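Residue numbers (this note's numbering): 79 to 190. For every residue, glycine included, the Cβ atom is placed at its ideal position computed from N, Cα and C. Treat the numbers as computed from the prediction; the structure is a model and nothing was measured. Read through the structure below, which is laid out as structure tokens, and then see the notes.
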């Protein structure tokens, strides 16, 4: 089972992956495929790298840690302000609600 503590072990993290990071980094054919996809598409996708329950386990781990949460309105440039120099319907004035949770650097050593 997945232990949720303030000091999760490296095994807890490694158990989230179907493919180990070392295995992935030592697969020249896969790396070339990712590089080609990144060059042609602007992104690349690594399929099957996480186990099916990885998101649930990570959520549980992060939920038990010291997390800073935000609930704010921002535009695509991450500004919380309407810009009066642009029309109301300009993208810079398109605000979306951002609900974000993140772990600060000072907490990472406690978690990992």
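DSSP places residue 115 in the uninterrupted alpha helix (DSSP H) bounded by 106-119. The DSSP-derived three-state label of residue 156 is coil. Boundaries cannot be given for residue 94, as no alpha helix (DSSP H) includes it and DSSP labels it neither H nor E. Judged by DSSP in its simplified three-state form, residue 150 adopts strand. Checking the DSSP bridge columns, you'll see residue 174 partnered with 152. Spatial neighbours of residue 116 in its own chain (CB-CB distance under 8 angstroms, excluding positions within 5 residues in sequence) are listed in chain order as 122.
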